[in-house]
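Protein chains in written order, with full-length UniProt numbering: chain A, 1 to 371; chain B, 1 to 371; chain C, 1 to 371; chain D, 1 to 371.
A virtual CB, placed ideally from N, CA and C, is assigned to each residue, including glycine.
Step one of this worksheet: look at the structure below.
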């Protein structure tokens, strides 16, 4: 078995998520970053190569250049990772698929639902592996909750509350990370709903195994002169009738990255928080509450297999992200990757964003989520 | 100064909130329970007297009997506390006011908005002190948050999230406490929204100093065959434009009494949880976070005056409740009681319940809260 | 059944623990404060009576006066509570016992071990109920831990860590509460060890059901010019061979009243913190961890009986203290009070303080705890 | 700048800490694992190579073989990491230094103090970079505490409590990880004191900037038939007179990896826990308490430089470990690495273990820590 070779699209100087993809892809040593179009400016692309400590000759200024050069090498890239702002996801993925390369892309899938639908078609025709980094599904205890719920631990799902509070955009945006996220031309139709709301949506479906059927959305741009939403409240109805509430905000001063989810059925409940990701609470209808912790003997083999250290040695965001890449590597090697999310979940996420934005703008009440 | 004498209406055998009112009223020794119509069944009323260790001769079988007998005594009651199920609040208060007695009543004010409006008229004509036990406003740190926010600690209010998860009604109701709460004839139009949602609503207005202008409500009876709502999601808009979310549920298995509130302005944020009531987090826009704790030298004189023990000696629910009675005693003595809530807040609470139930039933979208 | 009548000794203007005893004694309405020698200065004693809202005629200037006057009344006091600084515990208790009155006293039992031994003799001869308010044994979940451990929940005890960090004496003492505690003439031989170390010692024996056999102590006065210890580290060995560590400090800046205990046996462990007293963690050797919460159906009848409100309605320090008085009232009525601590535990506490101070002064290594 | 090439000694099949060193070394891409003597059994060594995904030709069966073969390559290793059980630290390091290679070794430095002293001499003569992975000093917030304390944030140090509870050895040892740790031939003179006590000791000196002057130790083997200590209580006195308590245990059922430290001076206090490593509490003498969080703007540049993700994206054990390797890489490149710990701290750690074991065995009371 050899290490898989990754080419990165995006992730140039000043990027946050590019380095994260690099950490994550390489953590388990199954993948190696070897090339990239880190920027459309060749000089900036090369300067990123120096930062990543890869061969500067493999830092390209365009996709075409990378695909041609890498194809010509014996040790050329095996797949690409797309880590650009949202509006470049589709063109990047389209070109990669056309070049015969599997694609891993950051979320949300694309900038618009139409783009997502186009991409879904391309992925279907290409028949190549395609993954989306819904990071928080990589946490071992999130996977454990999913398995326990699927096995009946809380009975029939009745209620989900998923919250994603942040505060870093509570003031007018400054800096590269903030600026593109509040610009419709780069981010797409959704601001907060597309940046983090989609994570919450995805997490709710992933953990519960239930699909959202319809929603009622109330989105707003709270910071003056902001073009995109920065605060979202969305009511959800799941296919089985369960009720849900999804809150996401980027103007809650002092909140960092407070994604959390609580699920309740007729027999129990579960409660997990991203900022303390190595445990969750499990409630039973008889009044007992268990703290389930990473490393516990009671964890199923799936969660255990995505943990690298014994209990009490906290794993965090990068390790969760690495688990997504481990799934993708397994997929590329033709192995089983039951937790890997791809075009279907990416498309559902875009349908969620699109429906929420439209429903909120129109004050339309309950609207079906069609996808 | 002598102890004020309280007569209780309700609170008979099996009651939860009756004993709580007794604890709370007497804790600071300014008030003494001396009489009561604990039940409309004279025998049950007398057996409650034995439990409360009061003179059995002062355990009455009807309001008329109590008012007549107590009026005839030199040491007769100074006021009544109404602790019955909701549908008896109005008749009890009406009779007491007619007998010239000040009234403290449990929340919600009445069973219906129409009753509340009638009671508001009676209170206005009577010109007697009238209080409502919105318990959670009694916590010293809640009062401190209110004062800090009024003084500008978080800037202009933008967002409030108030949640009140419980799980004790996740199964079909059993027992006295559960049964009346799910019976429209006793509870009124609201189930969960009237039992705990109204606390959350009141707390949001109390802490922020802002009034709710309109709301969008989605209520449901999740447990099969239940006549009243047991799970509520309500979106709020405050008078100053701030956005709010109010969640209340009694079917979230494993949740006990998880009332919590987070408020954010353009300059900061605050976060408090009832189950750990002796501290709150205060966030500033510069990224600093302070843990404000009961007993801290930084607390204002108001919060300090409602604390009985040094920091680290946890005070809880009964002490918070006692603070409400301390306010009421002050009011009866003609002193200042800036945190005492009365008919106005009681009426707003009923308007909230009524509007939420109507809006949800009609799927009416945003509806103004008129009161 | 009538309310028992309590006379207080100590608790005059500026006192902390006097009002706490009043709250605690009266909370369940089984006891009523009716008289007191709140100060040896008759004017100050009377002014305290006004604060407590009791009949000023029953605020006395001396013990003799109180005992004579109360004996002469039909509704005279049934027992006394001693809430003075330590050096007055013995004379107060001695006089009360001589007057035929049961005694409840604050901890530590006396100022010195010799006094404690004298008092033990007096109590034995008098044959009257005698209680000591080791407050923290009043918490329902502490009692639950004791019962579970006695029933084998953690197997054979191996290890106890009990810590009691405070910070309020980190600077030179100011104010009535601080000043007497650092004065050997009033506090006795122990400073921190006698004020809070003794609580930790008592809690360890209470929870585990094991007696300390010997100890090694390292005490110091950290704040310059302080006559008594303010920081203590004590190693313990229990009768069954289990090892223990007891830490107490009053100079740990920022710590409030952080008493906590963790116990481990060969089959499990438990962990409780006074500042969040309504739950504890229970670990099992198979890796499972349960959060045991007040109100849970899994609690035994003893803990349940000492809880006044449903789960999630936090009870705190005053309620725990009230449970001690409820025990004492039961004892006075001739009922069972299995958790009431008295002269034996008070004497053990004094032996602990005395041994620790002597052992530390002499740097004597391991010293037996004889009592 | 090129990636530094690491050869591993130890870390064969079943190892825990070998893979951790690999993760840590490679996380920032400044270092690459390329070779190793993963086991003294060549077949096992090669099978480890497959696990690590390195060239099997560079998996050697002996140190001599590795040093010779790597020296002959243009791309030979730049340094070695020693991750064997303790008794192999000295021979491994000795051979590597003799081969002219810098050495990074796991803690404790060696199995015995005599070995450590020998190694110190070798390191001094060799003049090569030498690091010891005291992992917990890699946490950014630990470094921030160290800097704040050095800058006077808590005033003059008075008290340190450092605790390291674990429970995984509460039963007779089973499995590779457990077995060597309880075997004096592999672990050395210390069991728990050497495995985790030394981390606690090192952390206390690192954070406070004060050196331990003398100690009093009470160590025991609690689990029957265990040759080495598994439970430790050590009292400390620092050079400036500050008092300390160090607790370490591996028999506290249910505890995972609960390293924590609290430090108090005359002006403030700090409190950090390894299991929630991304924040600490800072107390001030005026009663204010701040939660300092990773990513806060108030952090100094040092802590900030060792953080890879924004606040709220939890970093954990592997990232802390990687920070140690980042220091080492800086050292190898001739850059500044102010937090890198080496032979001096390694030797102090061994002196601590040796002194504690001797002092405890002899029940010698306070013993100086000479090094």
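What three-state label does DSSP hand residue i in the structure shown?
| i | result |
| --- | --- |
| residue 29 (chain A) | coil |
| residue 283 (chain D) | strand |
| residue 227 (chain B) | coil |
| residue 16 (chain D) | coil |
| residue 240 (chain B) | coil |
| residue 377 (chain B) | Outside the displayed span of chain B (1 to 371) sits residue 377 (chain B), for which this structure offers no information. |
| residue 79 (chain C) | strand |
| residue 249 (chain A) | strand |
| residue 216 (chain A) | strand |
| residue 233 (chain D) | strand |
| residue 5 (chain C) | strand |
| residue 86 (chain B) | helix |
| residue 297 (chain A) | coil |
Between residue i and the ligand HEM, is the CB less than 7 Å from at least one heavy atom?
| i | result |
| --- | --- |
| residue 112 (chain A) | As presented, the structure is devoid of all ligands, the ligand HEM included, so that no description of it is given. |
Using the Cα positions of residue i and residue j, report the straight-line distance between them to the nearest angstrom.
| i | j | result |
| --- | --- | --- |
| residue 11 (chain D) | residue 104 (chain D) | 14 Å |
| residue 126 (chain C) | residue 102 (chain C) | 9 Å |
| residue 84 (chain B) | residue 8 (chain B) | 9 Å |
| residue 219 (chain B) | residue 230 (chain B) | 8 Å |
| residue 245 (chain B) | residue 66 (chain B) | 44 Å |
| residue 191 (chain C) | residue 322 (chain D) | 46 Å |
| residue 18 (chain D) | residue 112 (chain D) | 22 Å |
| residue 197 (chain A) | residue 232 (chain A) | 8 Å |
| residue 376 (chain D) | residue 20 (chain D) | Here chain D covers residues 1 to 371 and nothing more, so residue 376 (chain D) does not appear. |
| residue 1 (chain C) | residue 331 (chain C) | 14 Å |
| residue 141 (chain A) | residue 222 (chain A) | 34 Å |
| residue 176 (chain B) | residue 30 (chain C) | 26 Å |
Tell me where the beta strand (DSSP E) around residue i begins and ends.
| i | result |
| --- | --- |
| residue 264 (chain C) | 260-265 |
| residue 66 (chain D) | Here residue 66 (chain D) belongs to no beta strand (DSSP E); instead the alpha helix (DSSP H) covers 63-71. |
| residue 289 (chain B) | 289-293 |
| residue 254 (chain B) | Segment: none, residue 254 (chain B) is in no beta strand (DSSP E) and carries neither H nor E. |
In the DSSP assignment, find the alpha helix (DSSP H) that holds residue i and state where it starts and stops.
| i | result |
| --- | --- |
| residue 360 (chain B) | 343-362 |
| residue 75 (chain A) | It is not in any alpha helix (DSSP H) - residue 75 (chain A) carries neither H nor E in the DSSP assignment. |
| residue 319 (chain A) | 317-332 |
| residue 43 (chain D) | 42-52 |
| residue 94 (chain C) | 89-98 |
| residue 302 (chain A) | 301-305 |
Legend entry - Inter-stretch contact at 8 Å, needing at least 3 Cβ pairs: the segment 324-339 of chain A / the segment 294-313 of chain D: The segment 324-339 of chain A makes no contact with the segment 294-313 of chain D; the number of CB pairs closer than 8 Å stays below 3.
Inset, instruction - Could you say if the segment 150-158 of chain D and the segment 359-370 of chain C meet the contact criterion of at least three C-beta pairs nearer than 8 Å? - result: No, because fewer than three Cβ pairs between the segment 150-158 of chain D and the segment 359-370 of chain C fall closer than 8 Å, the two stretches do not touch.
Legend entry - Three-pair Cβ contact test at 8 Å for the segment 150-169 of chain A versus the segment 234-250 of chain A: Output reads yes: the segment 234-250 of chain A touches the segment 150-169 of chain A.
Inset, instruction - Write down every uninterrupted run of the beta strand (DSSP E) in the segment 104-186 of chain B whose length is 3 residues or greater and which is fully enclosed by it, in chain order. - result: As far as the segment 104-186 of chain B is concerned, its whole beta strand (DSSP E) runs of at least 3 residues are 130-133 and 157-165.
Inset, instruction - Starting from the N-terminal side, write out each stretch of the alpha helix (DSSP H) that is 4 residues or longer and does not extend beyond the segment 186-210 of chain D. - result: Segments of the alpha helix (DSSP H) lying fully in the segment 186-210 of chain D: 198-208.
Legend entry - Given 8 Å, three or more beta-carbon pairs between the segment 263-275 of chain D and the segment 260-280 of chain C: The segment 263-275 of chain D, when compared against the segment 260-280 of chain C, does not touch it at the 8 Å Cβ threshold.
Inset, instruction - Could you say if the segment 161-169 of chain C and the segment 246-258 of chain C meet the contact criterion of at least three C-beta pairs nearer than 8 Å? - result: Between the segment 161-169 of chain C and the segment 246-258 of chain C, the count of Cβ pairs shorter than 8 Å is three or higher; the stretches touch.
Legend entry - Inter-stretch contact at 8 Å, needing at least 3 Cβ pairs: the segment 26-41 of chain A / the segment 311-325 of chain A: By the Cβ test, the segment 26-41 of chain A is in contact with the segment 311-325 of chain A, since at least three Cβ pairs between them sit closer than 8 Å.
Inset, instruction - Could you say if the segment 337-354 of chain B and the segment 107-123 of chain B meet the contact criterion of at least three C-beta pairs nearer than 8 Å? - result: Contact holds: three or more Cβ-Cβ distances are below 8 Å.
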